[in-house]
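Protein sequences appear in the order of chains A and B. Per the numbering used here, numbering of the first sequence is gapless, rising by one per residue and ending at 478. Per the numbering used here, numbering of the second sequence is gapless, rising by one per residue and ending at 478. Everything on this sheet refers to the single structure shown next.
There are 2 protein chains.
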Amino acid sequence: MTPEVIERLRAAVGPERLFTSDLEKYSHDETEDFEFPPDVAVCPASAVETAEILKIARGYRIPITPQAGRTGLSGGALCVHRGIALSMERMNRILDIDERNLFCVAQPGVVTQTLQDEVEARGLFYPPDPSSRGSCTIGGNVAHNAGGPRALKYGVTRDWVTGLEFVTTAGDILRTGGKLMKNVAGYSLTHLLVGSEGTLAPVTEITLKLIPRPAIAKTMLAPFQDVAGAARAVTEIFKAKLTPCACEYMDRAAVAAAEARTGKKLPVQGGEAYLLVEVDGNEEALLDRDLERIADLCMKEGAPDVFLAAESEKRRFLWEFRRSIGEAVKALSAYKEEDTVVPRARLPELVQVVQQVARAHGLTAVCYGHVGDGNLHVNILKGELSEDHWRRGLDPAVRELFARTVAMGGQITGEHGVGYVQRNYMTIAYSKPHLDLMRRLKKVFDPEGILNPGKVLPDEEGR
Amino acid sequence: MTPEVIERLRAAVGPERLFTSDLEKYSHDETEDFEFPPDVAVCPASAVETAEILKIARGYRIPITPQAGRTGLSGGALCVHRGIALSMERMNRILDIDERNLFCVAQPGVVTQTLQDEVEARGLFYPPDPSSRGSCTIGGNVAHNAGGPRALKYGVTRDWVTGLEFVTTAGDILRTGGKLMKNVAGYSLTHLLVGSEGTLAPVTEITLKLIPRPAIAKTMLAPFQDVAGAARAVTEIFKAKLTPCACEYMDRAAVAAAEARTGKKLPVQGGEAYLLVEVDGNEEALLDRDLERIADLCMKEGAPDVFLAAESEKRRFLWEFRRSIGEAVKALSAYKEEDTVVPRARLPELVQVVQQVARAHGLTAVCYGHVGDGNLHVNILKGELSEDHWRRGLDPAVRELFARTVAMGGQITGEHGVGYVQRNYMTIAYSKPHLDLMRRLKKVFDPEGILNPGKVLPDEEGR
Numbered sequence: 016m017t018p019e020v021i022e023r024l025r026a027a028v029g030p031e032r033l034f035t036s037d038l039e040k041y042s043h044d045e046t047e048d049f050e051f052p053p054d055v056a057v058c059p060a061s062a063v064e065t066a067e068i069l070k071i072a073r074g075y076r077i078p079i080t081p082q083a084g085r086t087g088l089s090g091g092a093l094c095v096h097r098g099i100a101l102s103m104e105r106m107n108r109i110l111d112i113d114e115r116n117l118f119c120v121a122q123p124g125v126v127t128q129t130l131q132d133e134v135e136a137r138g139l140f141y142p143p144d145p146s147s148r149g150s151c152t153i154g155g156n157v158a159h160n161a162g163g164p165r166a167l168k169y170g171v172t173r174d175w176v177t178g179l180e181f182v183t184t185a186g187d188i189l190r191t192g193g194k195l196m197k198n199v200a201g202y203s204l205t206h207l208l209v210g211s212e213g214t215l216a217p218v219t220e221i222t223l224k225l226i227p228r229p230a231i232a233k234t235m236l237a238p239f240q241d242v243a244g245a246a247r248a249v250t251e252i253f254k255a256k257l258t259p260c261a262c263e264y265m266d267r268a269a270v271a272a273a274e275a276r277t278g279k280k281l282p283v284q285g286g287e288a289y290l291l292v293e294v295d296g297n298e299e300a301l302l303d304r305d306l307e308r309i310a311d312l313c314m315k316e317g318a319p320d321v322f323l324a325a326e327s328e329k330r331r332f333l334w335e336f337r338r339s340i341g342e343a344v345k346a347l348s349a350y351k352e353e354d355t356v357v358p359r360a361r362l363p364e365l366v367q368v369v370q371q372v373a374r375a376h377g378l379t380a381v382c383y384g385h386v387g388d389g390n391l392h393v394n395i396l397k398g399e400l401s402e403d404h405w406r407r408g409l410d411p412a413v414r415e416l417f418a419r420t421v422a423m424g425g426q427i428t429g430e431h432g433v434g435y436v437q438r439n440y441m442t443i444a445y446s447k448p449h450l451d452l453m454r455r456l457k458k459v460f461d462p463e464g465i466l467n468p469g470k471v472l473p474d475e476e477g478r
Numbered sequence: 016m017t018p019e020v021i022e023r024l025r026a027a028v029g030p031e032r033l034f035t036s037d038l039e040k041y042s043h044d045e046t047e048d049f050e051f052p053p054d055v056a057v058c059p060a061s062a063v064e065t066a067e068i069l070k071i072a073r074g075y076r077i078p079i080t081p082q083a084g085r086t087g088l089s090g091g092a093l094c095v096h097r098g099i100a101l102s103m104e105r106m107n108r109i110l111d112i113d114e115r116n117l118f119c120v121a122q123p124g125v126v127t128q129t130l131q132d133e134v135e136a137r138g139l140f141y142p143p144d145p146s147s148r149g150s151c152t153i154g155g156n157v158a159h160n161a162g163g164p165r166a167l168k169y170g171v172t173r174d175w176v177t178g179l180e181f182v183t184t185a186g187d188i189l190r191t192g193g194k195l196m197k198n199v200a201g202y203s204l205t206h207l208l209v210g211s212e213g214t215l216a217p218v219t220e221i222t223l224k225l226i227p228r229p230a231i232a233k234t235m236l237a238p239f240q241d242v243a244g245a246a247r248a249v250t251e252i253f254k255a256k257l258t259p260c261a262c263e264y265m266d267r268a269a270v271a272a273a274e275a276r277t278g279k280k281l282p283v284q285g286g287e288a289y290l291l292v293e294v295d296g297n298e299e300a301l302l303d304r305d306l307e308r309i310a311d312l313c314m315k316e317g318a319p320d321v322f323l324a325a326e327s328e329k330r331r332f333l334w335e336f337r338r339s340i341g342e343a344v345k346a347l348s349a350y351k352e353e354d355t356v357v358p359r360a361r362l363p364e365l366v367q368v369v370q371q372v373a374r375a376h377g378l379t380a381v382c383y384g385h386v387g388d389g390n391l392h393v394n395i396l397k398g399e400l401s402e403d404h405w406r407r408g409l410d411p412a413v414r415e416l417f418a419r420t421v422a423m424g425g426q427i428t429g430e431h432g433v434g435y436v437q438r439n440y441m442t443i444a445y446s447k448p449h450l451d452l453m454r455r456l457k458k459v460f461d462p463e464g465i466l467n468p469g470k471v472l473p474d475e476e477g478r
C-alpha cells in the first residue's frame with residue numbers, strides 16, 4: 016500500500032482514527048490462532064467517512080475487511096489479503112430506543128449486551144444472545160446472522176432486523192427498510208445483507224425490532240446416562256408442545272473441560288450428557304408447571320434427577336458455566352471447531368456420526384450446543400496427536416462430517432458463518448450452479464472483489 | 016408465439032396441461048379490472064417440468080409469468096407482456112407435515128387455508144393469514160411475502176420460510192435452506208426470493224416452520240368517536256406491553272360498505288372508527304385479563320362500550336365481517352387500492368394525511384387495515400367523479416400520498432407487493448443507485464429479462 020493511499024485514508028477519517036502500526040488487535044478474531052495483519056486499520060465515525068474509505072479502496076483496488084467485535088469463530092474478520100481493516104469500533108452509539116414503536120436503532124459497533132441491557136432497562140427485549148454477547152457487536156451479529164440459545168424460541172438475528180443503512184463500494188449510502196413490521200417494496204436487501212459476512216456492503220446503521228421483556232425465566236439442568244436419553248427427552252419436550260426458550264446440550268467432556276477451567280462444579284453430576292432447559296414468560300405459575308412437565312419428561316427418559324434454578328443467582332451460574340465451555344474446550348489443545356446443524360430430530364444421529372467420524376480418523380471430538388434447534392458445535396481436538404497426523408487427518412474428517420451432515424438435510428454452519436475457515440467446504444453444501452449464482456450476487460455489490468475477499472465463497476476451482 | 020414453441024411446451028407438460036384457448040382465467044388476478052391474456056398457459060406438475068418450460072422460454076426469449084391463486088392486489092400475476100402463464104395450480108400437494116421437527120413442506124399451489132387446516136388438525140400452527148387465505152396459495156404468499164392480521168404478533172411469510180426449491184431460467188433446480196432453525200451457509204437466497212414476486216426464479220417447493228397451536232383466541236370490538244381516539248388506544252395497548260395477535264382498524268365508510276354488502280350489522284354501532292383486537296394463547300384466565308385491560312384502555316380513550324367475543328361463533332362473525340371489507344369497498348365504485356405502511360405510532364398521522372390528500376385532489380378515500388403494525392389499506396374511490404377527473408387526479412394524489420408516507424419513515428407497500436400497479440412509484444421509495452442495485456440483482460437471476468417482466472422495477476427512465 017503506497018503512502019499516497021494512506022494519506023488519502025488519513026484525510027478521510029483524521030489522523031487519530033488511522034493506524035499503521037500496533038496492528039495486532041486488528042489481525043485476529045477468535046478463530047483458532049489465525050493472525051493476518053492488515054496494512055492499515057481505519058475507524059470511521061460515520062457512513063460518510065465509510066463511503067469515502069470505500070471509494071478510495073475501490074479506486075486503488077485494495078482489499079477491505081469490515082470488523083467490529085472480532086469475536087467471530089469462522090475467520091470472517093481476518094484480513095487474509097492484507098489491505099484495509101475497516102473497524103466499526105467508533106460507531107458504537109445506540110441512536111434511538113423507540114418505546115412507542117418498539118424498535119431500536121444502533122450503530123454497528125454497539126456491544127450486543129450493552130444494547131440488551133439498555134432496552135431491558137426500559138422493559139423491552141432484544142432476544143438474540145450469542146455466547147459472546149459481552150464483547151461481540153450488533154454489526155458483527157448482523158454480518159453473521161448470529162444465533163444463540165434463545166434462537167430456539169425467538170429466532171436468529173435476521174428475524175429482528177427490519178432496516179439497514181449500508182454503503183456500496185461506489186460510495187453510495189443507501190437505506191433499506193426501517194421501523195416497519197411489514198414492507199414489501201422491492202427486493203429485500205435487508206434480509207440479503209444480514210448474514211453476508213461483510214462481503215457485499217458494510218452496514219453503518221441497524222434497525223431492530225423489540226418486544227416486551229418477559230418478566231420471568233426459570234432454568235433446569237438434567238444429567239443423562241447416554242446421549243440417546245437426552246435426545247429422546249428433547250423430542251418429548253417438543254412433542255408435548257412445550258416451548259422452552261433455550262434447550263442446550265453439553266457432553267461429559269465439555270462439562271469436564273469447563274469444570275477444570277472454572278474450578279466450579281455443576282450442581283448435578285455423573286451424566287454422560289446434560290440438558291440445560293430454560294422457560295420464560297410472565298406468569299410464574301405457568302412457568303413452574305411447564306418446567307415441572309419438562310423435568311418429568313427428562314426423568315422418564317432416564318435423568319436420575321434434575322436441578323431446578325428458579326433463583327436468578329443459580330440461573331446465572333448455570334449460564335455462565337454454559338458460556339465458559341467454548342473457551343474451556345479450546346484451551347485443552349489445538350482444535351478445529353465446526354458448527355453443524357440438522358433438523359432437530361436428527362441430532363442424536365449427528366452426535367453418533369460425529370463420534371464415528373472422529374474415531375475413524377483417529378481424532379477426538381467434544382460436543383455441545385443448541386440441541387433444541389439442531390445446532391451442534393463440534394470441537395475436534397488435536398490432543399496428543401502428532402502434527403503430521405493432525406494436519407493430514409483433519410480435512411478428510413471434516414469433509415466426511417459435513418457430507419454426512421448435509422445428507423441428513425443439514426448444513427455446514429448454523430450460526431458461526433462460513434468466513435475463511437469453511438469456505439472451501441461450501442462445495443459440499445451447494446452445487447456449482449448455486450455457487451455461481453452466489454458469485455454473481457457478490458459481483459453485483461462488489462464488481463472489483465475488494466470487499467472481504469477470501470470469505471464465504473470457495474476458490475473458483477472448488478473440489 | 017410460433018406453433019413450434021407451443022409444440023415444445025406441450026411436449027414438456029403433456030397436452031392436458033397446456034391451454035391456448037379459454038384463457039380468461041389466466042388473464043387476471045384481483046387487481047382492479049385488469050385483463051392481460053397470455054398466449055399460452057402451462058401447468059407443470061414438477062420442478063423438472065418447470066425447468067423444461069423455463070429453458071424453452073429462455074431459448075425463444077418469451078415472457079413467462081408465474082401464477083397460482085391469482086388473488087394478488089398489485090397485478091403481480093398479470094401477463095402484461097403476454098407470453099406464457101406459468102400456473103402452479105397442479106403443484107398443490109402438501110408433501111410433509113413433520114410433527115417431530117415442526118416443519119411442513121408444500122408445493123406452491125397449496126391453498127393457504129388448506130395448509131393451515133391440515134397443520135391445525137395436528138395441534139400445530141402456521142400463523143400468516145392474508146385475508147384471501149381461502150383462495151390464495153402458499154406459492155403466492157411466498158412470492159409477495161404475504162402478511163395479514165396476525166403478522167402483528169407472529170410476523171410475515173418470510174419469517175416462516177426456512178427453505179425453498181427454485182428453478183433458474185437456465186433450467187437448474189436448486190435448493191436453499193431446509194428444515195433448519197439456523198443456517199448461515201452463504202447468502203440466503205431463501206430470504207431474497209421471498210417477496211421477489213416471481214421476477215427472480217419460480218419456486219417449486221416451500222419449507223415452512225410451524226409452532227404449537229395456541230389453544231384459545233378471544234376477540235374484542237370497540238367503536239371510537241374519532242380516529243385519534245382509536246389511534247391513542249393502540250398506542251396505550253402497546254405501551255402497556257400487551258401483545259395482541261391482531262389489532263385491526265376499520266373506518267366508518269369501510270364498515271358501512273361491508274354492512275350494506277353482507278346485510279349484517281356489527282354488534283356495536285355509531286363509531287367513526289373501530290378497533291378489532293384479538294389475543295391468543297393457552298391460558299383462558301390470562302387472556303381474559305389481557306382482554307379486560309385492553310377494553311379498559313379503549314374505554315379510557317373514548318370507546319363508549321366494547322363488545323367481547325369469547326365464543327368462537329361471535330369471533331368468526333367479526334372476522335368474516337372484517338374480511339368482507341375489501342370486496343365490499345371495491346364493489347362501491349371504480350377504485351385504486353394502496354397499501355401504505357408507517358411506523359405504528361405514526362398511523363394516526365397517516366390517516367389524516369390520506370384524508371387531506373384525498374380532499375385536496377377531489378377524491379374519496381376509505382381506509383381499513385392492520386393498525387397494530389402500521390399497515391393501512393387505502394381505497395381511493397371514483398364514486399361520482401367524471402372519467403376525466405378520475406384519470407387525471409389519481410396519479411398525482413397517489414404520488415403525494417406515497418411521498419408523504421415515505422417521509423414519515425414508511426413504505427409504499429406493506430403486504431400487497433409492488434407488482435404491476437406500484438412499480439412506477441418505486442422511484443419515490445428508492446434512489447436511483449438503490450434501484451440500479453435491484454436491477455442488477457434481477458439480471459443475475461434473469462439475464463434475458465423474461466421472468467415476470469414489467470413488475471417490481473420501474474421503467475428505466477423513472478420520473
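We put the CB at the ideal spot given by N, CA and C, even for glycine.
The C-alpha of Val55/A lies about 42 Å from the C-alpha of Arg228/A.
Inside the segment 346-431 of chain B, DSSP marks whole alpha helix (DSSP H) runs of 4 or more residues at positions 362-375, 402-422, from first to last along the chain. For the segment 186-197 of chain B, the set of residues with a beta-carbon nearer than 7 Å to any beta-carbon of chain A comprises Asp187, Leu189, Gly193, Lys194, Leu195, Met196, Lys197, in chain order. Of the other Cβ atoms in all chains shown, 16 or more fall within 10 Å of the Cβ of Ser147/A; this residue is therefore buried.
Legend: CB atoms of the segment 385-399 of chain A lying less than 7 Å from CB atoms of chain B belong to residues Asp388, Gly389, Asn390. Of all residues in the segment 92-116 of chain B, those with a C-beta nearer than 9 Å to a C-beta of chain A are Asp113, Glu114, Arg115, Asn116, reading in chain order. A residue is called buried once 16 or more other Cβ atoms fall within 10 Å of its Cβ, and Thr17/B, having fewer, is exposed.
In this structure Leu208/B is buried. Its beta-carbon is surrounded by 16 or more other beta-carbon atoms within 10 angstroms. At least one CB of chain B lies nearer than 8 Å to the CB of Ala166/A. Distance check between Ile465/A and each of Gly429/A, Leu215/A, Ala237/A places Leu215/A closest, using alpha-carbon atoms only. If you check each beta-carbon in the segment 362-376 of chain A against every beta-carbon of chain B, none falls closer than 8 Å. Under the Cβ distance rule, Gly432/A counts among the residues neighbouring chain B, one pair being separated by less than 8 Å. Judged by beta-carbon spacing, Cys260/A lies beyond the 8 Å limit of Leu391/A, meaning their Cβ atoms are not closer than that value. Annotated three-state conformation of Glu47/A is coil, per DSSP. Under DSSP, the beta-bridge partners assigned to Asp266/A are Ala288/A. With a minimum length of 4 residues, the unbroken runs of alpha helix (DSSP H) contained wholly in the segment 431-467 of chain A fall at 441-444, 447-460. Boundaries of the beta strand (DSSP E) harbouring Met235/A: 231-239, taken from the DSSP string. Proximity to Val199/A across Gly210/A, Pro282/A, Thr177/A, Arg304/A peaks at Thr177/A, based on C-alpha coordinates.
Cβ proximity to chain A below 7 Å picks out Gly424 from the segment 408-424 of chain B.
Around the beta carbon of Arg115/A, a 10 Å sphere encloses fewer than 16 other beta carbons of the protein chains shown; the residue is thus reported as exposed. When 7 Å is used as the limit between beta carbons, Val171/A is near these residues of chain B: Lys197, in chain order. By the CB criterion at 8 Å, Asp320/A and Val283/A fall inside the cutoff. Across the structure, Pro462/B and Met453/A are spaced so that their CA atoms are roughly 15 Å apart. If you keep only unbroken beta strand (DSSP E) runs of at least 3 residues inside the segment 280-330 of chain B, you get 288-296, 322-324. With 16 or more other Cβ atoms from the protein chains shown falling within 10 Å of its own Cβ, Gln131/A counts as buried. Contact of Gly138/A with chain B is assigned, a C-beta pair being separated by under 8 Å. Contact annotation for Ala360/B against chain A: Arg115, Asn116 [CB-CB distance below 7 Å, chain order]. Of the candidates Cys58/A, Val57/A, His43/A, His43/A places its Cα closest to the Cα of Phe51/A. Going by beta carbons, Ala83/A and Gly154/A fall inside the 8 Å limit.
Counting along the chain, Val218/B sits inside the beta strand (DSSP E) bounded by residues 218-224.
Here DSSP, grouped into helix, strand and coil, assigns Gln122/B to coil. One finds nothing in chain A with a Cβ atom closer than 9 Å to the Cβ of Glu299/B; even the nearest lies about 12 Å away. Short of 7 Å from the beta carbon of Ala346/A, and not among the five residues preceding or following it, lie these beta carbons of its own chain, in chain order: Arg276. Between the segment 62-75 of chain B and the segment 178-193 of chain B there are three or more C-beta pairs closer than 8 Å, enough to call the two in contact. Per the Cβ contact rule, the segment 315-333 of chain A is in contact with the segment 225-242 of chain A (3 or more Cβ pairs under 8 Å).
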